[in-house]
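Those protein sequence lines, which keep their order, are chains A and B.
Position in the first sequence counted from 1, then plus 1079, gives you the working numbering.
Position in the second sequence counted from 1, then plus 1079, gives you the working numbering.
Built from N, CA and C at the ideal position, the CB exists for glycine as well.
Number of protein chains: 2
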Amino acid sequence: MKKTVLVYGALGGVLIAALKFVEYRFLILERSLEIYGGIVALIFSALGIWLGLKLTRTRQTVVVREVPVLVEVQVGAREAGPFTPNATRLQQLGITPRELDILEAMAAGLSNREIAAQLFVSENTVKTHAARLFDKLSARRRTQAVQRAKAAGLIP
Amino acid sequence: MKKTVLVYGALGGVLIAALKFVEYRFLILERSLEIYGGIVALIFSALGIWLGLKLTRTRQTVVVREVPVLVEVQVGAREAGPFTPNATRLQQLGITPRELDILEAMAAGLSNREIAAQLFVSENTVKTHAARLFDKLSARRRTQAVQRAKAAGLIP
DNA sequence: CGCAAAATCATCCATTCGGGTGACGCGCGA
DNA sequence: TCGCGCGTCACCCGAATGGATGATTTTGCG
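The following block contains the structure:
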């Protein structure tokens, strides 16, 4: 909600400026009021449309058609075997093996408590590992951490 | 669709009339140019924004023709073009377009508050959508929801 | 038009997360 | 042997999240 207000505020500012500008150029002409209004209206509706589109990008219409899929295609050269995390990136980020454990469990959608139970440690321990992970991954939430870890190739 | 066009047409007419009206009333006043222009600009930018949002909302227009799907494994989702969520599964789970929005934002690691800001709704709304999502995905946590959504091919 | 689904917003409450801090033990290498 | 990295655990506190409802508005469709 605050954002909308800000947008409108900025819009207002631009508007005033534009008005001042246009005003000086058209003030000479006599019957320019309609033209003036029309132009302003056009400009601003275009602007509005553009703004609306801009704000809600990636809103592509989903035209989906189900096609019978018989065989799964191994698209990329994804190895069929077990996933091996990118060791280079692991070292770059300074992520320890234990932290990787927590990361994987986290990506599986487990809560701290469940991770603790699975790894036979206390919930507090999981939390410290998690905190260090967030720090190293520059994440503030676990979903974000998972997302970045996936992007970095640390987890499948 | 035709209806909407008609509505827009009528709206345009009304606006023109309103413009004329306002014009005559303000023509007497001397320094009304800014006010007049401002009003017009405001109206039309608002209209434009609304229109833009409206137009880009035509998602889900074409729905699926159900085809028996035998095997369907979403392996290593290579970005071979824009991702299209599995509409069949979407319908099976009864997930609405808006909920999908929340799901995507959630997968991107955003907090409820951030999602609310991005989609221009209140945090409470995001929470209700999220709650319904958890219900439909049988998830208890957002990480779990994301994980299952990925597994179901709902998100990249 | 009128219904049903979807979307929006709200409130209350319990749980979970995340941040910060401090501490202890173990193994390894300088 | 000492320092250091790593793993472990604890406590506190504020913020975020999830659950349960209820309500209203918008929208799509017959």
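- By the neighbour-count criterion, in which 16 or more other beta carbons inside 10 Å mark a residue as buried, residue 1214 of chain B falls on the exposed side.
- DSSP places residue 1225 of chain A inside the alpha helix (DSSP H), whose first and last residues are 1221-1230.
- With a contact defined as Cβ atoms closer than 8 Å, residue 1234 of chain B and residue 1182 of chain B qualify at about 6 Å.
- Here residue 1203 of chain A is exposed, its C-beta having fewer than 16 other C-beta atoms within 10 Å.
- Taking the CA atoms as reference points, residue 1191 of chain A sits about 6 Å from residue 1205 of chain A.
- Across the stretch 1193-1215 of chain B, CB contacts with chain A closer than 8 Å involve 1196, 1199 and 1201, in sequence order along the chain.
- At a cut-off of 7 Å between C-beta atoms, residue 1222 of chain A counts as an interface residue with respect to chain B.
- Judged by DSSP in its simplified three-state form, residue 1174 of chain A adopts coil rather than helix or strand.
- Shortest Cα-Cα distance from residue 1207 of chain B to any of B:1231, B:1179 and B:1170 involves B:1179.
- Residues of chain B whose Cβ lies closer than 8 Å to the Cβ of residue 1190 of chain A are, in chain order, 1219 and 1220.
- The contact set of residue 1187 of chain A on chain B, defined by CB atoms closer than 9 Å, consists of 1222, 1223 and 1226 in chain order.
- Counting of Cβ neighbours within 10 angstroms places residue 1210 of chain A among the exposed residues, the total staying below 16.
- Only residues of its own chain outside the window of five on either side were considered, and among them 1184 have a CB closer than 8 Å to the CB of residue 1193 of chain A, listed in chain order.
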